[in-house]
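I have placed the structure first, in the form of structure tokens, so that the comments after it can refer back to it.
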Amino acid sequence: HARAIQPAPLDGVPQWVLGAKAYLDTISNDSRWNHCVSLWLKLEQALGYPQESQSSSSRLSAKNRPIQVRQWLQNCRNYEAIPSIGKVAEYGTSWRLWWTTLQPGARPRSEYNELTRKRLSNDAWEPIKKAGPNGIFIRLVSLGWWVKA
Numbered sequence: 137h138a139r140a141i142q143p144a145p146l147d148g149v150p151q152w153v154l155g156a157k158a159y160l161d162t163i164s165n166d167s168r169w170n171h172c173v174s175l176w177l178k179l180e181q182a183l184g185y186p187q188e189s190q191s192s193s194s195r196l197s198a199k200n201r202p203i204q205v206r207q208w209l210q211n212c213r214n215y216e217a218i219p220s221i222g223k224v225a226e227y228g229t230s231w232r233l234w235w236t237t238l239q240p241g242a243r244p245r246s247e248y249n250e251l252t253r254k255r256l257s258n259d260a261w262e263p264i265k266k267a268g269p270n271g272i273f274i275r276l277v278s279l280g281w282w283v284k285a
């Protein structure tokens, strides 16, 4: 069950974050989705709202990334032109594979190769602790497509 999270204040927030939040708010009214969006805003705020960068230090790995994400990025991140998901189950499998690929190597897996909820050190999360328009936002927006599909 999701805890109530106080939303991050929106004063001084970069324009791309405001546009992204406006789009993410259209995905769902479900409290779990709203919780995810609030946590994303808090991450962006905590990491200082980094701006777009070509640096690999601010980007998530593209390994196993769904083709729809690449298409959207190449289409200038247009919220009015979301790629077609097509077969929802296939997209879900692709999305989960990407998510699993991004996880820290130290994160244990169950006997069914599912990620466990075992706590890891903060350092272990550095590979996916990415803010900015090329960071965890890409994960969240692409998750939103799956939610809406």
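Using my numbering, you'd call the opening residue of the sequence shown number 137 and step up by one each time. Cβ coordinates follow ideal geometry from the N, Cα and C atoms, glycine included.
Asked, Found
"Roughly how many angstroms lie between the CA atoms of residue 158 and residue 257, to the nearest whole one?", "33 Å"
"How is residue 168 classed by DSSP in three states: helix, strand or coil?", "helix"
"DSSP three-state call for residue 179: helix, strand or coil?", "helix"
"How many angstroms separate the CA atom of residue 170 from the CA atom of residue 259?", "27 Å"
"Three-state secondary structure (DSSP) at residue 256?", "coil"
"Mapping the DSSP letters down to three states, classify residue 251 as helix, strand or coil.", "strand"
"So what does DSSP say about residue 232, is it helix, strand or coil?", "helix"
"For residue 203, count neighbouring C-beta atoms within 10 Å of its own C-beta (all shown protein chains included) and say buried if the count is 16 or more, exposed if not.", "exposed"
"Report all residues from its chain with a CB closer than 7 Å to the CB of residue 234; omit the five preceding and five following residues, and keep chain order.", "200, 201 and 202"
"Suppose contacts are defined by Cβ-Cβ distances below 8 Å. Is residue 196 in contact with residue 251 by that definition?", "no"
"Give the DSSP-derived three-state secondary structure of residue 206 in the structure shown.", "helix"
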